[in-house]
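Scroll down for the structure; my scribbles are underneath it.
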């Protein structure tokens, strides 16, 4: 799940005066309280922000901007239920406002209710593709659910429109976009982005590791001879990320190293925690290359049973 802190920053950057305000309220006291609350939220003073924004709403219950910022305080405290309730009130005041729909959709997604939140964010981006904060949440949601074309479209839109102030967070988002490219069979695009993510300043250790793995896997999809040295460099983490053995084994087999492919496939199966269909397929293909057809048939049948929709196993 996307970090709550980043969502709040994106909301602060994107937030603008919303449409339910009366024409003559621009200089009223609630406006000053909204500015005070925004400043407090930027410096992380959540109590001060909450107090100022609550007062702003009490003075002018139609100042929708105050609701949006107050919901960010709830999000920062992971009080999503209260944030959703507040934004439902704002939605009643200004049903079609982008800020309101984005804040409400974000709160719903962060709370775990993607089925309610995602359609709101889609509504926003369909009307305004430049809405980078909504695009980002959509992109990470589609990535998490394996909808690679949708993830690519949303994350590309995010990078096309996100302001420079958010550039320091690019590493993690680049890795998710690169991973979507790779899984959607665009390894050259993926490789470039993984390399960019790995070379970026200030990337977290987790992001750097994902980028290094992505570089090796993208290279494997392009040229196994170049990939195998990269995969061997990842051997120290293979116990934790056994997919390293799987990809190395597939490359070994592709390059004619049947014994190596079989051994790596078996190592992968010893550690894999999911269905492991690809591992059984690798072992089956290696056994077939050795002429052990009965063993090959048994392993490939297991792969079919584990993932019956994958054409490769049939």
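Numbering (my numbering), first residue to last: 331 to 644. C-beta atoms are modelled at their ideal positions from N, C-alpha and C, and glycine is treated no differently.
| said: Which of the three DSSP states is assigned to residue 569 in this structure? | reply: coil
| message | Quick check: what's the CA-CA separation for residue 352 versus residue 362? | response | At residue 352, the pLDDT of 43 sits below 50, so the modelled position is not reliable; the number obtained from the coordinates is stated separately. Their Cα atoms are separated by approximately 15 Å.
| request: Taking 8 Å as the cut-off, decide whether the C-beta atoms of residue 364 and residue 407 are in contact. | output: no
| field | Contact check, residue 450 vs residue 431, beta carbons under 8 Å | value | yes
| Rounded to whole angstroms, how far is the Cβ of residue 386 from the Cβ of residue 367, which I believe are closer than 8 Å? | 6 Å
| said: Beta-carbon within less than 7 Å of residue 471's beta-carbon, same chain only, minus the 5 sequence neighbours each way: which residues are those? | reply: 439, 444, 448
| query | The alpha helix (DSSP H) spanning residue 453 covers which residue range? | reply | 444-457
| query | Using the rule of at least 16 other Cβ atoms within 10 Å of the residue's Cβ for burial, across every protein chain shown, is residue 623 buried or exposed? | reply | exposed
| Length of the line joining the Cα atoms of residue 457 and residue 425 | 14 Å
| Should residue 618 and residue 637 be called a contact, given that it needs their Cβ atoms to be closer than 8 Å? | no
| query | Which of helix, strand or coil does DSSP assign to residue 381? | reply | helix
| For residue 621, which option in 389, 600, 592, 605 has the closest C-alpha, if you only look at C-alpha atoms? | 592
| So, is residue 369 buried or exposed, given that buried needs 16 or more other C-beta atoms within 10 angstroms? | exposed
| request: Would you mind stating whether residue 585 and residue 612 have Cβ atoms separated by less than 8 Å? | output: no
| task | Classify residue 373 as helix, strand or coil using the three-state DSSP reduction. | result | coil
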